[in-house]
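Read through the structure below, which is laid out as structure tokens, and then see the notes.
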Amino acid sequence: MGGINQKLKLMYLAKILNEKTDENHPLTFAEIKDELSKNEIDIERKTFYDDIRLLRDFGMDIESTRGKSFGYYVSSRKFEPAELKILVDAVQSSKFISEKKSSELITKLGSLVSEAQAKQLKRKLYITNSAKTEKNTYYNIDAIHTAIYENRQLSFRYYEWSQNNARAQKSVKKNGQKYVISPFALIWNDENYYVVAYYGERDDISHFRVDKMGDVAITSDEREGHDHFKNFNLAEYTKKTFGMFSGEEIEVKLKFRKDNKLLGVVVDRFGSDLYISSPDSDHFAVTVNVTPSPTFWGWIFSFGTDVEIVSPKTLKKEYVEKLINLIEKNG
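Letter by letter, the sequence shown follows residues 5 to 335 in the numbering used here.
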């Protein structure tokens, strides 16, 4: 045998080792010879060892097994299977990536390990409340990144949900007129992507949900509003915009039923740098700065009888009034 494929012997050999082998699936010389023959490539044992040495010199981490069955395998790669499993889980749990695109991405990730290891990546991850839909978000994100890198503005139409008879439908805002923004950052919060940008029409920093953006286009105009971002703190903006901390803060003392799970939820929300007191053997208390926004009240209501607002008294009174109002509306 010979011809052009014979000249590609090293490339095919590297491909076979990458795709077919790992620590638990080595290939013998005979098996490698058989795989190469499928591409009309012949190999001799005396030159095979030189080929392996050349691939090692090139940077491939090729090891050999000892014992009755002497075989070769790729022992390390750019990504370990455990690392790729984390990436696969992130792809599967991202609701803005469609089922079709998720499958395509996972297949591509699988090409970075052996075929046997790739099969493990295709396990089904059980995800609660994360319905995948076909959206333009995947491509919108790419356009936003490109605009930021190239220092360009973005134009797009923005949509919202409205009721049409008994159905929810998407309707375009601003009567279909395009928004023009200068994007500066992307935020991934609560399973959604947001672009943070200078919005010239308001002369201020604004954010837009990426999956609600349509007809996204990169313009030829350079970004504006750089002065607004000179001292911009993205982490602080995210906390104030998407958490319960937007608006005027007040100091609030909260008392919870003593339970490690409840303590875990409090730490998740406010961080571990908390002073935790024990007013009695059945409760723990924390003092935190919050804003009594709808997000805060929703969080408080989720605890039911496991939480008590100790102070300030005005907030405690407001809490009681909200509970009475809730009972009257649903009684």
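Note that the Cβ used here is the ideal one computed from N, Cα and C, for glycine as well. The structure presented is a predicted model; accordingly, all values stated were derived computationally and were not measured.
In the DSSP annotation of this structure, F307 is not part of any alpha helix (DSSP H), being labelled neither H nor E.
Only residues of its own chain outside the window of five on either side were considered, and among them T295 have a CB closer than 8 angstroms to the CB of E252, listed in chain order. Here V117 carries a coil assignment [DSSP, helix/strand/coil].
Per DSSP, the unbroken alpha helix (DSSP H) holding F274 starts and ends at 264-274. For M15, the enclosing alpha helix (DSSP H) begins and ends at 13-24.
Taking the C-beta atoms as reference points, E312 is found no nearer than 7 angstroms to K257. The shortest CA-to-CA distance from Q96 to any of K126, S79, K321, D225 is the one to K126.
Rounded to the nearest angstrom, the gap between the Cα atoms of K321 and H211 is 34 angstroms. Taken atom to atom, the span from the alpha-carbon of T318 to that of V200 is near 35 angstroms.
Just measuring C-alpha positions, the residue of L21, E35, K123 sitting nearest R60 is L21. According to the DSSP assignment, N144 belongs to no beta strand (DSSP E) but to the alpha helix (DSSP H) extending over 141-154. Rounded to the nearest whole angstrom, the CA to CA distance from E154 to S224 is 10 angstroms.
Counting only residues of its own chain and dropping the five nearest sequence neighbours on each side, N193 has a CB closer than 7 angstroms to the CB of T242, F246. Straight across, the Cα-Cα distance linking T25 with E87 is about 18 angstroms. If the five residues before and after L278 are omitted, its C-beta is found closer than 8 angstroms to the C-beta atoms of V270, V271, V290, V292, all from its own chain and listed in chain order. With a cutoff of 7 angstroms on beta-carbon distance, I222 and R161 are scored as not near each other.
Contact between the region 13-20 and the region 104-113 is absent: fewer than 3 CB-CB pairs across the two stretches fall below 8 angstroms. Taking the CA atoms as reference points, S98 sits about 45 angstroms from F52.
Under DSSP, I313 shares a beta bridge with L258. Spatial neighbours of I185 in its own chain (CB-CB distance under 6 angstroms, excluding positions within 5 residues in sequence) are listed in chain order as L158, A201, Y203. Of the residues assessed, I280 falls on the exposed side of the cut-off, its CB having fewer than 16 other CB atoms within 10 angstroms.
L31 is not a Cβ neighbour of G63, given a cutoff of 7 angstroms. Straight through space, the alpha carbons of Y142 and E67 are spaced by roughly 39 angstroms. Close CB contacts of D231 within its chain, under the 6 angstroms cut and outside five residues either way in sequence, are absent.
The beta-carbon separation of V92 and N144, rounded to 22 angstroms, does not stay under the 8 angstroms limit for a contact.
Distance from the CA of N329 to the CA of F307, rounded to the nearest whole angstrom, comes to 18 angstroms.
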